[in-house]
Amino acid sequence: KQEVTQIPAALSVPEGENLVLNCSFTDSAIYNLQWFRQDPGKGLTSLLLIQSSQREQTSGRLNASLDKSSGRSTLYIAASQPGDSATYLCAVRKETSGSRLTFGEGTQLTVNP
Amino acid sequence: EPEVTQTPSHQVTQMGQEVILRCVPISNHLYFYWYRQILGQKVEFLVSFYNNEISEKSEIFDDQFSVERPDGSNFTLKIRSTKLEDSAMYFCASRQPPYGYTFGSGTRLTVV
Chain X
2 KQEVTQIPAA
12 LSVPEGENLV
22 LNCSFTDSAI
32 YNLQWFRQDP
42 GKGLTSLLLI
52 QSSQREQTSG
62 RLNASLDKSS
72 GRSTLYIAAS
82 QPGDSATYLC
92 AVRKETSGSR
102 LTFGEGTQLT
112 VNP
Chain L
14 EPEVTQTPSH
24 QVTQMGQEVI
34 LRCVPISNHL
44 YFYWYRQILG
54 QKVEFLVSFY
64 NNEISEKSEI
74 FDDQFSVERP
84 DGSNFTLKIR
94 STKLEDSAMY
104 FCASRQPPYG
114 YTFGSGTRLT
124 VV
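Line order of the protein sequences matches chains X and L.
To convert, count from 1 in the first sequence and add 1; that's my numbering.
To convert, count from 1 in the second sequence and add 13; that's my numbering.
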């Protein structure tokens, strides 16, 4: 059974800092991995999708990397801003039949002005 | 940018009552999903729906749950007899390969 773990559970940084969020998964047979942002009491906003054949994806100040064989992904946020404060979730989709996502518990990020 | 729309945003219901949560997926998407998130816990998969039938369901999705696509635009989740432990945020999502998921903003269900 796929397990997804995110470290750290919470992170507080001053504005302007570069930071890295970590995601690990136990079964490396994944189809893709998706990073989401969740604001308190709100829905999930997709940030980046990495296919299993890709090593990284970039969108603006965000860069996500994937090392499928070691079961790891990182989300790099450059020059953090208070508006980046949210919970960041990673989710993996398995390689075999079905398209369900398995989520981690998230990293709660606070960027202080 | 196209959105997945969920209604209502918040629903309170009495234990034992039936509830229907509604979703309008993105119009050209073919795969539809329901997930839930109990307060403080992980987002959990409930069911996926493709070509007018359930393609996959989790162990959570028992006989109390059902899904339907009654017309070309709506996708509903029915809970037949709600329990206290059904209280959660329910998310609808849709997907069009090769792209990833798009989630709605959720319905917060409170069972009292």
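We treat Cβ as the ideally placed atom computed from N, Cα and C, and that holds for glycine.
Would you tell me roughly how many angstroms separate the C-alpha atoms of residue i and residue j, rounded to the nearest one?
i: L/N131; j: X/L63; result: The requested residue 131 of chain L does not occur in the structure, where chain L is confined to residues 14 to 125.
i: L/Q109; j: L/R49; result: 21 Å
i: X/V5; j: X/N19; result: 24 Å
i: L/G119; j: L/C105; result: 7 Å
i: X/K99; j: L/E69; result: Per the sequence presented here, residue 99 of chain X reads as Gly, with Lys not at that position. Answer to the nearest angstrom: the Cα atoms are 6 Å apart.
i: L/L43; j: L/V37; result: 12 Å
i: X/T46; j: L/T26; result: 28 Å
i: X/I31; j: L/Q19; result: 29 Å
i: L/Q24; j: X/T97; result: 36 Å
i: X/Q3; j: X/G107; result: 16 Å
i: X/S81; j: X/Y89; result: 14 Å
i: L/D84; j: X/P83; result: 42 Å
For residue i, would you say it is in contact with chain L, using Cβ-to-Cβ distances shorter than 8 Å as the test?
i: X/N33; result: yes
i: X/S1; result: Outside the shown range of chain X (2 to 114) lies residue 1 of chain X, about which nothing can therefore be said.
i: X/K43; result: yes
i: X/R56; result: no
i: X/F104; result: yes
i: X/R101; result: yes
i: X/S66; result: no
Provide the residue span of the beta strand (DSSP E) that contains residue i, from first to last.
i: X/L50; result: L45 to Q52
i: L/Y48; result: Y44 to Q50
i: X/V5; result: V5 to I8
i: L/A106; result: A101 to R108
i: X/A79; result: Premise fails: X/A79 is in no beta strand (DSSP E) and is neither H nor E.
i: L/Y114; result: Y114 to F116
i: L/Q24; result: H23 to T26
i: L/K70; result: E66 to K70
i: X/I31; result: I31 to Q39
i: X/K95; result: A87 to K95
i: L/E81; result: F78 to E81
With C-beta atoms as the reference, is residue i less than 8 Å away from residue j?
i: L/F78; j: L/V17; result: no
i: X/L110; j: L/Y114; result: no
i: X/F37; j: X/L22; result: no
i: X/I78; j: X/D85; result: yes
i: L/L34; j: L/T89; result: yes
i: X/G72; j: X/Q7; result: no
Cβ of residue i less than 8 Å from any chain X Cβ?
i: L/Y112; result: yes
i: L/Y44; result: yes
i: L/E69; result: yes
i: L/S118; result: yes
i: L/S61; result: yes
i: L/T115; result: yes
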